[in-house]
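*Asks:* The listed protein sequences derive, respectively, from chains E and B. The numbering of the first sequence is this note's numbering, which starts it at 1 and goes up by one. The numbering of the second sequence is this note's numbering, which starts it at 1001 and goes up by one. Cβ coordinates follow ideal geometry from the N, Cα and C atoms, glycine included. Every value quoted in this text rests on a predicted model; they were computed, and no experiment measured them.
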Amino acid sequence: MSVGYDDVVRMIRAFAATVAEQKEYLTELDSAIGDADHGINMDRGMKAVLAKIDGQPPTDVGALLKTVGMTLVSTVGGAGGPLYGTLFLQLGTATAGKETLEASDWAAALDAAVTGVQARGKAELEDKTMIDALIPARDAYHQALEEGATFTDALRRSAAAAEDGVKATVPLVARKGRASYLGERSAGHQDPGATSSWLLLKTIADTWAGSD
Amino acid sequence: MKKLINKPEDVVREALQGMEQAHADLIKVFYDPYYIVRSDAPVQGKVSLVSGGGSGHEPMHGGFVGAGMLDAACPGEVFTSPTPDQMEAATKAVNGGAGVIHIVKNYTGDVMNFEMAAELCRSEGIDVESVLVDDDVAVQDSLYTAGRRGVGATVLIEKIAGAAAEEGRPLKEVADICREVNANARSMGMALTSCTVPAAGKPTFELGEDEIEIGIGIHGEPGRERTKLKPVSEIVEQMATAIVDDLPYKKGDNVLAFVNGMGGTPLIELYVVFNELAKFLKGRGVTIGRNLIGSYITSLEMAGCSITLLKLSDEFTRLWDAPVKTPGLRWGV
């Protein structure tokens, strides 16, 4: 079994809905250590994504994900725009021309996305950024496949690892982004970017559950 | 939240529409995506300067578009970096064939968006040089932070480099002037009150009735110290000491002293600050060759001020004095 074009559309719609629901929460996390706009910016971006995909004929999975990336780049602003834009652009580039996604396609897409986000933001693990959710998620996904897990089980384990990664950002002192201005005062707060990344991975796991 | 607005989501667009009508002789405004260009752009054969950043810092940057300063500015949402498509469109609109300089304040979002824009422009054959502004001494500059923030020096760079570009200097030289101004400028800000981002609807941070934040950023980022309100002489001494000791500025130096209002502080208080600053600098043997006093790089309705010092060379002084004709800064014309 595999994930089809319509499943990817469903996932994007579900992520937009999640971001809209969690807008206040993400913004609140950001107000503690950032500039209180993460939820607002992501919500504006995902609403623009919905408007964009509603108005265009179906393409392939890669083109769809690239459209999401381009739209986020041009509507989110801040650091979230280039970072989430790059994430989706890389997912799209890695799946260019595909009508369906197998577990191995998603492995390659996750690799490309994480590499792209790191190249853009230059963050390492434990800098207290979205990377702290993305790298554990990518690694858990690979490990699950190596252990013979199904596609949906690997996605579930990937989302769980992202959640652990988010929790692990709480005690960290930020070394990148606006939170780094706080120095030691950034410890004790959960990173908003890691949180939205986990929400994305959780949405993917939830919407594609039962795809195998 | 008490503000003179219609809807929070319309603030940036409606402010641009107001600017466009008020300054039709100086600037042109584009809306899809947002960018502002000087009315005679592109100026053929001249190096063009493009800057941009979140809105809420007016008159920066849009108010500094015009002859002798910026060729274009890209306004983002309030306190949110503009996006690469804005910067790309603005760069193309003002490119007069001699190259374009992107003046980027050192904030993670601004840096990444301008980086993507520069990649797009270069892939289309436009010669783009990016210069980073990072003059805020409140932030420790280390591998473990995003680095110092770009604040007051941005205004001085845009004016001085704008004059150099107007003289017909080549791209590399104008970019070097930007970097040289940045290297010789240091700033620090302070807040008496917080500010409220229209879309957020509540104050960015909480400050007690008798508290001030020393070292505040222009988006309400935390500073070095939260302390009780004290006489302005002590506040200015604390800020100026941090600035002067950082470069350092030495006895015999000639500086441009820029006392900037954060948006909610009246000019009368800025003059009091300038008076204290002049006393302080005199005590250090530093002379004030030029000054700028007023609200030029603001943080919405935040009350407070920032101080920027720039060590002047004869060339900087000459370029500072050169004519400028923009909505926010105008002399010699």
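When we look at the beta-carbon of residue 1188 of chain B and count the other beta-carbons within 10 Å, is it buried (16 or more) or exposed?
*Replies:* buried
*Asks:* Which of the three DSSP states, helix, strand or coil, is assigned to residue 192 of chain E?
*Replies:* Residue state for residue 192 of chain E is assigned as helix, using DSSP reduced to three classes.
*Asks:* If we ignore side chains and look at the alpha-carbon of each, how far apart do residue 65 of chain E and residue 1074 of chain B end up?
*Replies:* 27 Å
*Asks:* Given a cut-off of 7 Å, decide if residue 1155 of chain B and residue 1297 of chain B are closer than it, judged by their beta-carbon atoms.
*Replies:* yes
*Asks:* Taking CB distances under 7 Å as the criterion, tell me whether residue 131 of chain E reaches chain B.
*Replies:* no
*Asks:* Return the chain-ordered list of same chain residues with a C-beta closer than 7 Å to the C-beta of residue 1329 of chain B, the five sequence neighbours on each side being excluded.
*Replies:* 1064, 1069, 1159
*Asks:* For residue 1136 of chain B and residue 36 of chain E, I'd like the C-alpha separation in whole angstroms.
*Replies:* 21 Å
*Asks:* Spatial neighbours of residue 1071 of chain B within its chain, please: CB distance less than 6 Å, with the 5 preceding and 5 following residues excluded, ordered by chain position.
*Replies:* For residue 1071 of chain B, where only same-chain residues beyond five positions count, the Cβ hits under 6 Å are 1038, 1041, 1048, 1049, 1094.
*Asks:* In or out: residue 1034 of chain B buried (at least 16 other Cβ within 10 Å) or exposed?
*Replies:* buried
*Asks:* Taking any Cβ of chain B, which residues in the region 170-184 of chain E have a Cβ under 9 Å from it, in chain order?
*Replies:* Of all residues in the region 170-184 of chain E, only 173, 174, 175, 176, 177, 178, 179, 180, 181, 182, 183 place a beta-carbon less than 9 Å from a beta-carbon of chain B.
*Asks:* What does residue 19 of chain E pair with, by DSSP beta-bridge criteria?
*Replies:* Beta-bridge partners of residue 19 of chain E (DSSP): none assigned.
*Asks:* Which one or two residues does DSSP pair with residue 44 of chain E in a beta bridge?
*Replies:* Residue 44 of chain E is not bridged to any residue.
*Asks:* Can you tell me where the beta strand (DSSP E) with residue 1030 of chain B in it begins and where it stops?
*Replies:* 1027-1031
*Asks:* Measure the beta-carbon distance from residue 1083 of chain B to residue 77 of chain E and round it to whole angstroms, keeping in mind my assumption that it falls under 8 Å.
*Replies:* Rounded, the Cβ-Cβ distance is 5 Å, consistent with contact.
*Asks:* Would you identify the three-state DSSP class for residue 1075 of chain B, choosing helix, strand or coil?
*Replies:* strand
*Asks:* Check whether the region 54-62 of chain E and the region 72-86 of chain E touch, using three or more Cβ-Cβ pairs below 8 Å as the test.
*Replies:* Flag = no, the region 54-62 of chain E and the region 72-86 of chain E do not touch.
*Asks:* Using a Cβ-Cβ distance under 7 Å, would residue 51 of chain E count as near chain B?
*Replies:* It does not: the Cβ of residue 51 of chain E has no partner Cβ on chain B nearer than 7 Å.
*Asks:* Would you identify the three-state DSSP class for residue 186 of chain E, choosing helix, strand or coil?
*Replies:* helix
*Asks:* Residues of chain B with CB closer than 8 Å to the CB of residue 48 of chain E, please, in chain order.
*Replies:* Here the premise fails: no neighbours, minimum Cβ distance about 11 Å.
*Asks:* Within the 7 Å Cβ cut-off, does residue 1193 of chain B reach chain E?
*Replies:* no
*Asks:* Looking only at C-alpha atoms, which of B:1092, B:1267, B:1110, B:1060 sits nearest to residue 1044 of chain B?
*Replies:* B:1092
*Asks:* With a Cβ-Cβ cutoff of 7 Å, do residue 7 of chain E and residue 208 of chain E count as a contact?
*Replies:* Yes, the Cβ-Cβ distance between residue 7 of chain E and residue 208 of chain E is below 7 Å.
*Asks:* Once you ignore the five residues that flank residue 1124 of chain B on each side, which residues in its own chain have a CB closer than 6 Å to its CB?
*Replies:* none
*Asks:* Comparing the C-beta of residue 1008 of chain B with each C-beta of chain E, is any distance below 7 Å?
*Replies:* Not closer than 7 Å to any Cβ of chain E, the Cβ of residue 1008 of chain B fails to qualify, so no.
*Asks:* Report all residues from its chain with a CB closer than 7 Å to the CB of residue 126 of chain E; omit the five preceding and five following residues, and keep chain order.
*Replies:* 132, 172
*Asks:* Give me whichever residues DSSP pairs with residue 1203 of chain B in a beta bridge.
*Replies:* B:1196
*Asks:* Using a beta-carbon distance cut-off of less than 8 Å, what residues from the region 104-134 of chain E approach chain B?
*Replies:* 120, 121
*Asks:* Is residue 1144 of chain B close to chain E? Criterion is C-beta to C-beta, closer than 7 Å.
*Replies:* yes
*Asks:* So, for residue 1236 of chain B: in the same chain, excluding its five sequence neighbours on each side, which residues have a beta-carbon less than 8 Å away from its beta-carbon?
*Replies:* 1273, 1276, 1277, 1280, 1307
*Asks:* Please classify residue 1325 of chain B: does DSSP put it in a helix, a strand, or coil?
*Replies:* strand
*Asks:* Between residue 154 of chain E and residue 103 of chain E, which are expected to be in contact by the criterion C-beta below 8 Å, what is the C-beta distance as a whole number of angstroms?
*Replies:* 6 Å
*Asks:* Which of helix, strand or coil does DSSP assign to residue 70 of chain E?
*Replies:* Looking at residue 70 of chain E - three-state DSSP - the assignment turns out to be helix.
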